[in-house]
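Here the sequence shown stands for residues 578 to 1375, where the numbers follow this note's numbering. For glycine and all other residues, C-beta sits at the position ideal for the given N, C-alpha and C. Please read these numbers as outputs of a predicted model, since none were measured by experiment.
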Amino acid sequence: MSSDGKYKNYLATTERYLGPEHLGDQPTTDGDGLAGGLFFPDPAWSPDGTQLTFTERSREFFSGKLELLAFDLATGRSPSPPRELYTAKPDNGGAWAIDKVTWSPDGKTLAFTLQDTGWDKVYLLSVNGGVPRQLTFGESEDANPIFSPDGKAILIQSNRDAPEERHLWIVPLDGAAPPHRVTNFSRSIESAPQWSRDGKQIYFLHSAPFHSPDLYVASTETTDTPRALTHTLPQNFAALQWKTPELVHFKAKDGLTLSGVLYFPPGYIPGRRYPAVLWVHGGPEGQDLLGFSPLSLYFAQDGYVVFHPNYRGGIGYGERFRNLNVGDSGGGEVQDVGDAVRYLIDRGIADPKRIAIGGTSHGATMVHYAVTKLPELWAAGISFGGAVNRATFLERTNRNSEIRWEIKMGGTPDEKPEAYRQTDIIPDVPKIKAPLLIQYGQADPQLPPYESEQLITALKKSNKPYLAYSYPGEFHEFSKPEDRIDVWIHQRLFLRRFLHLRRARHRIQPLIEQIRERSMPRRFACGSNVQRGETSMCDTYSHNSDDLRFDSSERIVKNSEVDQQWADWLAPTRRSFLFGAGAAAVGLTLGDEAQAEAREDADQHVAGPAAAFLALNGPIKPYVSADHGPSEWGYETLKQPTAQPRGLWPGTENGLPAKPRAYTDIKSYHAHFYFDYDTYEKAALIRRWAGERFPVELGDWNLQPRGPHVTPSFYFGFTNDLLPVIVPWVQLNSLGLTILLHPNTDDPRADHLYYTLWVNRSQPVNAYGMKAPRDERGKAIVEKILPNVTPSIKLELS
């Protein structure tokens, strides 16, 4: 679309290729690709819509040649060939290129980023060509320039003063005043800025570790705090008691100072060692920032410390740092990850025996390097679309990626055989000690599936434990929500299996007895090291654990039986197990004589799990409280008279009503269905059944206390004529859930408290917002029980 919005032309948002190089089947994407992150191939229209700029790239000028093309609005064609404006100097790492270009309002000047000083800086260039004029200075990365509506200033995104953050700055073109910040936010990311038409405001996205991206507006004339226009963070987020993520610094073996972002699990206790996950960014020209990272929080909420090291080769620290891995892929960058692990261990944060590594794209390649070159460090590894041999990678990847990695490697495989041998992990697969989870898209043009398939073949040959999932129709970054969710769930289960459980590595106990196949089309493979009597990973996963189901109509991911087993261990299953031990377990709460009798009786009848429980634990004596002191309730509570409460419905304050309410007072009804962690699948089933069969008004999911409904619930409303049908239908299909049906009248309080019909009634308790109390040192406080009633009657025993 032209700048004035009047003309639509079908311009390809891609690059112009010259030379014999072939094109990939699909466009490149973020990660190892060049169509996102570091390179924007978008053509930029001039303000009058008669010209546009674009970047041409070839093997000869891979950092980009900026060109200008005249455009005839009437014919939709160019009247002349493109005119060259500027060619960027080559980048030794092959990754850097001229990014998105911005036009000045008068159409005379272009603004874009160059790295001529060793740092990304904004330059200005006349549309007639010539030498670019540097506008921003210093050792920081400046990018994404946008002219103000009056053309007197440029808005940039920069990490000056905070390398792991991104903030907005206004730079006057005349140099009369220094650049100044638009906001006063700290430890955050500001992105996607736009000027208002009058230049008095700037709209942008703001995010932080505990703040999902929201739209904000800031004034350019005052220093007022920017105002939020959207609020997307779930309200229950703060209830998890997160510790603020830390920006940390550590030393590499060669003395290089590195940084990283460290996430803590909810309720983190200093001094305790936790299972840890190192999630390594891709690129390698990526960087982990102090922004909102759903994956980091997803892992941390399960009890892991999550660390994102910014290893050499990433962006944000200048050209020299970014190109430290040129000709050394699989070398110093991997040692940096090892140094990150040692930092966590030396600081007393990570359990050395329960550390996993994971990553996507080049991050997955780093996983491959790490588990083969530093095998002793890892309890598990997760690879999502990585390379295992840069030589075979070059044979199958897309054209941009091929050129870029030849430059980064210092030449072709024939020219640099030692450098490419360092990237080939296949000969080192026998050294791997950690089980691997391998996930990849079957249509990935960036990291071809052949790379992951090579690894799977080698793992099979070496009899190493692994799981592999490939997804049809998915490219380098997955586009289908159900596939993305599936990937995360399998990662979560995998980490739970190998980090949360204090078991020997590679050992998996079958937890499921039923076999159910998923409908999602994706290929599954597995392999196991079954020496020394270890349980087969392949058998466990292919026949037992592969039970994740996605219900597209309800948008709920259902528990696998693996998850459910662990949830139940501290709930119904565990209670059943203890009660199944008979008096041997229950009798432990009685006196010594009763315990002796219970043990004698148990010895005659207990077998199976109960016998194993006794053999492992022996008799367990109850904990005797040492709490002492007076009770806060006093010592006369047993003598208090029973008080009559006020009436709960209208007209009963002074006695019962004189006559019944008229039937016509009722206008319609609502049915509320209450569920919990263990029963939400039932709620999802009933909700869909009702919506498919009745003309009801179906509400959204209510997962937080709302009004009088203090447990998770959903509801639907219905009219009076459906009452004779819905009430018995609900009774027949309750699935054991507690269900409240109430009329809709002019007194909603009475509707919920008195005029109600209950099915399987159970009183909900609002405990979802309760927090664990702690003293000033962070130690958990347990409520003391100080008895204030003296028993006077002997307990009856049967």
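Return the first residue and the last residue of the alpha helix (DSSP H) that Lys950 is part of. Taken as a continuous stretch (DSSP letters only), the alpha helix (DSSP H) holding Lys950 covers His939 to Lys950.
Status (buried if at least 16 other CB within 10 Å, exposed otherwise) for Arg1338: Label assigned to Arg1338: exposed.
Could you give the residue range of the alpha helix (DSSP H) that holds Val838? Looking at the DSSP string, Val838 is not in any alpha helix (DSSP H); the run it does join, the beta strand (DSSP E), is Thr834 to Tyr840.
Inspect the beta-carbon positions of Asp1021 and Ala968 and report whether they are closer than 8 Å. Against a cut-off of 8 Å, the Cβ pair of Ala968 and Asp1021 comes out as no contact.
Could you give the residue range of the alpha helix (DSSP H) that holds Leu701? DSSP places Leu701 in no alpha helix (DSSP H) but in the uninterrupted beta strand (DSSP E) bounded by Lys698 to Ser703.
For Gln778, collect the residues of the same chain with a Cβ closer than 8 Å to its Cβ; drop the 5 residues on either side in sequence, then sort them by chain order. Hits under 8 Å: Trp772, Val794, Ala795, Ser796 and Thr797.
What separation, rounded to the nearest whole angstrom, lies between the Cα atoms of Arg1073 and Leu874? The straight-line gap from Cα to Cα measures roughly 15 Å.
Give a yes or no on contact between the region 1030-1043 and the region 998-1017, applying the rule of three or more CB pairs nearer than 8 Å. With the cut-off at 8 Å, the region 1030-1043 and the region 998-1017 touch.
Using DSSP with H/G/I as helix, E/B as strand and the rest coil, what is Trp567? Here the chain has residues from 578 to 1375 only, and residue 567 is not among them.
Please go through the region 734-809 and give each complete beta strand (DSSP E) segment of 3 or more residues, from N-terminal end onward. As far as the region 734-809 is concerned, its whole beta strand (DSSP E) runs of at least 3 residues are 744-749, 766-772, 778-785 and 788-796.
According to DSSP, is Ala1239 part of a helix, a strand, or is it coil? Coil at Ala1239, not helix or strand.
Can you tell me the Cα-Cα spacing of Tyr881 and Pro624, whole angstroms? Going by C-alpha positions, Tyr881 is about 51 Å away from Pro624.
Once DSSP output is grouped into helix, strand and coil, what is the label at Ser960? DSSP, read as helix, strand or coil, puts Ser960 in strand.
Which of helix, strand or coil does DSSP assign to Pro1049? The answer is coil: DSSP assigns Pro1049 none of H, G, I, E or B.
Whose C-beta lies closer than 6 Å to the C-beta of Gly641 among residues of the same chain, with five residues either side of it excluded? Thr632, Arg634, Ala665, Ala674 and Ile675, listed in sequence order.
Using the beta-carbon count (16 or more within 10 Å), is Leu745 buried or exposed? It is buried - the Cβ of Leu745 has at least 16 other Cβ atoms within 10 Å.
Per DSSP, what are the beta-bridge partners of Gln628 in this structure? Looking at the DSSP assignment, Gln628 forms a beta bridge with Ala647.
Give a yes or no on contact between the region 1315-1328 and the region 1269-1278, applying the rule of three or more CB pairs nearer than 8 Å. Because the criterion of three Cβ pairs below 8 Å is not met, the region 1315-1328 and the region 1269-1278 do not touch.
Give me the DSSP bridge partner(s) of Pro1320. DSSP, once it has assigned bridges, lists Tyr1246 as partnering Pro1320.
If you reduce the DSSP assignment to three classes, tell me which class Gln1031 lands in. In this structure, DSSP gives Gln1031 a helical state, which the three-state scheme calls helix.
For Lys828, the three-state DSSP class (helix, strand or coil): In the structure shown, the three-state DSSP call for Lys828 is strand.
I'd like to know whether the C-beta atoms of His1437 and His858 end up nearer to each other than 8 Å. Beyond the ends of the chain as shown, which are 578 and 1375, falls residue 1437; an answer cannot be given.
Ordered along the chain, which non-local residues of its own chain (more than five positions away) have a Cβ less than 6 Å from that of Asn669? Taken in chain order, the residues that qualify are Asn900 and Val903.
Jot down the residue ranges of each uninterrupted alpha helix (DSSP H) in the region 857-885, minimum 4 residues, whole runs only, in chain order. Fully contained in the region 857-885 are the following alpha helix (DSSP H) runs of length 4 or more, in chain order: 871-877.
Do you know whose CA, among Thr694, Ala853, Ser978 and Leu833, lies nearest Ala933's CA? Among Thr694, Ala853, Ser978 and Leu833, the Cα nearest to that of Ala933 belongs to Ala853.
Taking Arg919 as the reference, which of Ile892, Ser960 and Lys830 has the closest Cα? Comparing Cα positions, the closest option is Lys830.
Is Gln1308 helix, strand or coil by DSSP? Correct three-state label for Gln1308: helix.
Residue closest to Ala805, alpha-carbon to alpha-carbon, out of Arg1351, Asp1253 and Tyr780: Among Arg1351, Asp1253 and Tyr780, the Cα nearest to that of Ala805 is on Tyr780.
In chain order, what residues of the same chain lie with their CB nearer than 6 Å to the CB of Ser681, ignoring the 5 residues before and after it? Phe724 and Gly728.
According to DSSP, is Gln1217 part of a helix, a strand, or is it coil? Assigned with DSSP and collapsed to three states, Gln1217 falls in coil, not helix or strand.
Within 10 Å of its beta-carbon, does Pro755 have 16 or more other beta-carbons around it, so buried, or fewer, so exposed? With fewer than 16 neighbouring CB atoms inside 10 Å of its own CB, Pro755 falls in the exposed class.
Buried or exposed for Leu1363, please, with buried defined as at least 16 other CB atoms from any protein chain shown within 10 angstroms of its CB. Leu1363 comes out exposed.
On the DSSP bridge list, what partners appear for Asp1060? In DSSP, Asp1060 forms no bridge with anything.
Which residue from Ala730, Ser765 and Gly752 puts its Cα closest to that of Pro740? Cα-wise, what sits closest to Pro740 is Ser765.
Could you give the DSSP three-state label for His1379: helix, strand or coil? As displayed, the chain neither begins before 578 nor continues past 1375, which places residue 1379 out of reach and without an answer.
For Ile1009, name the three-state secondary structure that DSSP assigns. If DSSP states are grouped into helix, strand and coil, Ile1009 belongs with coil.
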